[in-house]
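Student: Residue numbers (my numbering), protein chains in the order written: chain C, 56 to 349; chain E, 748 to 1023; chain X, 75 to 410. No residue lacks a Cβ here, since even glycine has one placed at the ideal position from N, Cα and C. Remember, it's a predicted structure, so these values are computed and weren't measured experimentally.
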């Protein structure tokens, strides 16, 4: 009981230290603030946007393709909807889908990788070859193919991303598992006859999940970009969902005369992905003792 | 007459997590032109740090050199020079033989390329002439099959071969002041003798000043005119070889003498046999 | 060394086989009605029935797979639903334009990214370093398709300096005969000395090239910087300086050469990303390449075409990685 308490306080201290280090770099600090803002936005956007009905339900053909003004900050689209509201709400969609996609990828990848690493031998080889095969597709292409076959909609896009992404996590956790399984407490558990699935789930995974979680959070930026790209091609979100990639895609028909339609959703993608990537970079710098300054 | 080479109040420390760790604290050291001076100290006593400090090659971020420190070379305080100014000294006037040839040779270039590059940095000669000079140097350090060796990469050579290449590169600089950081560490005794003889010859011919850094008292004593004992960053003993060996003042020196088998094992190059 | 190449080759073949297996699953097993997918959303029941027989879907699964494998090995991906042409032919027609773009963008990325990384490493923590690091992260965060539109708005719409899209202007296409030696337009026009065509092609390729190269520039600059930072702390760099070598030489020759290993790996990795980014961007620039082809295929739900391009790209990607792995391992100068 005492030990568990100490472990908790040690972890807490580590967290505080990480937070402090994270804050030192100006860029990372800004990124952290932006990310938190985005998360807040994602949660509250339905409540704060100026034209909530424009998000999906209503259209406003009379005021289509208006340039930015005090009434419509980002202008209106071809159906007269307020782009500002839709872009803000898009935060929610992007973050949500990215989280689900990554979560799914972890759900597939972590068990497979942990099993591969712990059991080793033929099972390991087999699973690793499978990851090799999945990783040999150029990124995004597999997601495109799967989305196309399953049918173009947002859920399938999330699924296809998960299917493309899981090999990375499987590999990561396999490496961790291999080094963890040598340790005392694992051997002890094995010696007293703990069943394998229990060893994996209770001993191995909790101890090496941390780097995977970190990697996953660093990947969120990339996943958001992937979802936007899929939607841009027509494979992800379908109208009238206000997904950023889809908005840029639709804007192409009008963009020479309605620049605001293409620019703002794309800018949203950029800023979001940038913030997550910068944060991820900051995280990586903390975790890698080599680059850590005194 | 001012000293050719002089160190005053050299204080060097490492920046670590727990603060500053002192590494060197040398009050005074003087070397005359044409002299052979030896510094004896065990591994980790700061010999290499001293060597790097002289050429201002200590990493900025992790080392601190106290502003009072002075390293005077031919009257100029090297530590006050800018990076650009000290480059005029490196190689041209002060050259260094490094201790670990594996890590100080660039792994992706052939050794021939590396020698030739240094030669051509200091001499405006054609590639062909530089190649010939490289061959000459390689033979000088007793490496057989010189032409073949030049085309090899560092990882293809043995430790001893690499060491001799490092020596050849340093010698190619033809500098007035040679710092030799344990130059014969990995070499067989016979080759060792040959290389040391070579350095001694060059010294006579070209009137170069040599600073030997070693952990072997016996070796240093036979080669040098004067020696200093480096212990925990400080020079604890200093003087003519004969004096230091006969009348060691510091207990560390005495310990060293005892461990290296007393004076009887140490021949001084100006004397000869007064050992029974 | 030889055993490494052999093992790598074997792995490559196994992976290719796996790729075929996966695409087989995607085209035949997973869809609830593969035949319907094959003939498209607007098919009649008779067409579906005929497709079922044609595709051999009434056969047991392993026979289907063998047939599929045979077709793929022969390069037969079936016909496009839209154009009814053999997909392989269409891929061959569109590939060179994409290849040209990918190659040019990658070369540009290398020549722009490496110096950026070197300067960044040399002046670590200066404003240049921070700016270039920000740029690197920014470059990989940009949605490529958005950049394309953005550049078009500026350089075509506002400034009128550069054309909107396509490889060549309409006038040129009407007035001149397009040279055809390698299929790479700029190379061909150079080889045949047709300067007017070359100039026009150059003007047209600038925007797409810049758009696509941003991502790999970011990757290359970042990798070069981190590799170089590590290298600059090595003893042989200190030794080189001690021998009096000029700093310029130390940095751009001695240090850089050591960083080529990891940089090459990153460049190869980036080609995969570049390829797919090209797909996204081609439609925007009306570039007559595979990207436009696949975009149209996706919009029209032309499944055979989509799968054909996927298999083709995957195979090309695997082979490319194989070749680059082997080349990198063979060169003693590039430290792996």
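With DSSP as the reference, please indicate the residues paired to residue 762 of chain E in a beta bridge.
Tutor: Answer is E:767.
Student: Around the C-beta of residue 213 of chain C, are 16 or more other C-beta atoms found within 10 angstroms, so that it is buried, or is it exposed?
Tutor: Buried is the call here.
Student: May I ask which residues mark the beginning and end of the beta strand (DSSP E) holding residue 924 of chain E?
Tutor: First-last of the beta strand (DSSP E) with residue 924 of chain E: 924–928.
Student: Report the residue from X:173, X:170, X:199, X:88 whose alpha carbon sits nearest the alpha carbon of residue 180 of chain C.
Tutor: The candidate whose alpha carbon is nearest that of residue 180 of chain C is X:88.
Student: Taking 8 Å as the CB-CB cut-off, is residue 328 of chain C touching chain X?
Tutor: For residue 328 of chain C, the answer is yes, since a Cβ of chain X falls inside 8 Å of its Cβ.
Student: So which residues on chain C does residue 88 of chain X lean against when the C-beta distance must stay under 7 Å?
Tutor: Correct list: 184.
Student: Does any CB atom of chain E fall closer than 8 Å to the CB of residue 363 of chain X?
Tutor: False, the Cβ-Cβ gap to chain E never drops below 8 Å.
Student: What residues match up with residue 843 of chain E in a beta bridge as DSSP calls it?
Tutor: Its beta-bridge partners are E:926.
Student: For residue 1006 of chain E, count neighbouring C-beta atoms within 10 Å of its own C-beta (all shown protein chains included) and say buried if the count is 16 or more, exposed if not.
Tutor: Exposed.
Student: Give the DSSP bridge partners of residue 961 of chain E, in chain order.
Tutor: For residue 961 of chain E, which the question treats as bridged, DSSP gives the partners E:787.
Student: Across the stretch 273–286 of chain C and the stretch 206–224 of chain X, are there enough close Cβ pairs to call them in contact, namely three or more that are closer than 8 Å?
Tutor: Contact holds: three or more Cβ-Cβ distances are below 8 Å.
Student: Which residue or residues does DSSP assign as beta-bridge partners of residue 817 of chain E?
Tutor: E:755, per the DSSP bridge assignment.
Student: Go ahead and label residue 381 of chain X buried or exposed: buried means 16 or more other beta carbons lie within 10 angstroms of its beta carbon, across all protein chains shown.
Tutor: The residue in question, residue 381 of chain X, is buried, as its Cβ has 16 or more Cβ neighbours within 10 Å.
Student: Could you confirm whether any beta carbon from chain X is found closer than 8 Å to the beta carbon of residue 863 of chain E?
Tutor: It does not: the Cβ of residue 863 of chain E has no partner Cβ on chain X nearer than 8 Å.
Student: Going by DSSP in three states, residue 131 of chain X sits in which element: helix, strand or coil?
Tutor: Coil, per DSSP.
Student: Restricting to runs no shorter than 3 residues, where is the beta strand (DSSP E) found entirely within the stretch 224–275 of chain X?
Tutor: Taking only runs of at least 3 residues, no beta strand (DSSP E) segment lies wholly in the stretch 224–275 of chain X.
Student: Any contact between the stretch 118–134 of chain X and the stretch 215–222 of chain C? By contact I mean 3 or more CB pairs, one from each, below 8 Å.
Tutor: Cβ pair count under 8 Å is below three, so no.
Student: Which two residues bound the contiguous beta strand (DSSP E) that contains residue 857 of chain E?
Tutor: Neither: residue 857 of chain E is in no beta strand (DSSP E) and is coded neither H nor E.
Student: Tell me which same chain residues have a C-beta within less than 6 Å of the C-beta of residue 345 of chain C, skipping the five on either side of it?
Tutor: Any reading at residue 345 of chain C must be qualified, since the residue scores a pLDDT of 48, below 50, and its modelled position is unreliable; the value itself is stated next. Same-chain partners within the cutoff: there are none.
Student: Taking any Cβ of chain X, which residues in the stretch 860–887 of chain E have a Cβ under 7 Å from it, in chain order?
Tutor: For the stretch 860–887 of chain E, which is checked against every Cβ of chain X, the residues closer than 7 Å are 864, 865, 868, 869.
Student: Nearest by alpha-carbon distance to residue 912 of chain E: which of E:882, E:924, E:990, E:925 is it?
Tutor: Ranking E:882, E:924, E:990, E:925 by Cα distance to residue 912 of chain E puts E:882 first.
Student: Looking at the strands, I want to know which residues DSSP matches up with residue 776 of chain E.
Tutor: According to DSSP, which records beta bridges pairwise, residue 776 of chain E is partnered with E:754.
Student: Compare the C-beta of residue 259 of chain C against all C-beta atoms of chain X and say whether one is closer than 8 Å.
Tutor: No, residue 259 of chain C lies away from the interface with chain X (no Cβ there is under 8 Å from its Cβ).
Student: Nearest chain X C-beta to residue 297 of chain C closer than 8 Å, yes or no?
Tutor: Taking Cβ atoms only, chain X never reaches closer than 8 Å to residue 297 of chain C, which makes this a no.
Student: Looking at residue 750 of chain E: is its Cβ nearer than 8 Å to the Cβ of residue 779 of chain E?
Tutor: Yes; because the gap between Cβ atoms is below 8 Å, this pair is in contact.
Student: Could you please give me the residues that DSSP links to residue 812 of chain E through a beta bridge?
Tutor: For residue 812 of chain E, which the question treats as bridged, DSSP gives the partners E:759.
Student: Check each candidate in C:307, C:316, C:326 and name the one with the smallest Cα separation from residue 360 of chain X.
Tutor: Minimum Cα distance to residue 360 of chain X is reached at C:307.
Student: So residue 372 of chain X packs on residue 302 of chain X, CB below 8 Å; how close in whole Å?
Tutor: Contact flag wrong, Cβ pair sits at about 41 Å.
Student: Return the CA-CA distance between residue 1016 of chain E and residue 760 of chain E, expressed in angstroms with no decimal places.
Tutor: Caution applies to residue 1016 of chain E, whose pLDDT of 44 falls short of 50 and renders its modelled position unreliable; the model cannot decide the point.
Student: Please list the residues of the stretch 265–288 of chain C that have a C-beta atom closer than 9 Å to any C-beta atom in chain X, keeping them in chain order.
Tutor: Under the 9 Å Cβ criterion, the stretch 265–288 of chain C contributes 276, 277, 280, 283, 284, 287, 288.
Student: Would you be able to state if there are at least three C-beta pairs under 8 Å between the stretch 172–183 of chain X and the stretch 280–297 of chain X?
Tutor: Touching, per the Cβ criterion.
Student: Look at the Cβ atom of residue 292 of chain C, then the Cβ atom of residue 209 of chain C, and state whether they are nearer than 8 Å.
Tutor: Yes. Within cutoff.
Student: Is there at least one Cβ from chain C nearer than 8 Å to residue 168 of chain X's Cβ?
Tutor: No, no contact with chain C.
Student: Where does residue 919 of chain E land, buried or exposed, given buried means 16+ other C-beta within 10 angstroms?
Tutor: With 16 or more other Cβ atoms within 10 Å, it is buried.
Student: Look up residue 114 of chain C in the DSSP assignment and say whether it is helix, strand or coil.
Tutor: Here residue 114 of chain C sits in coil by DSSP.
Student: Smallest Cα separation from residue 274 of chain C: which of C:92, C:156, C:86?
Tutor: That would be C:156, whose Cα lies nearest to the Cα of residue 274 of chain C.
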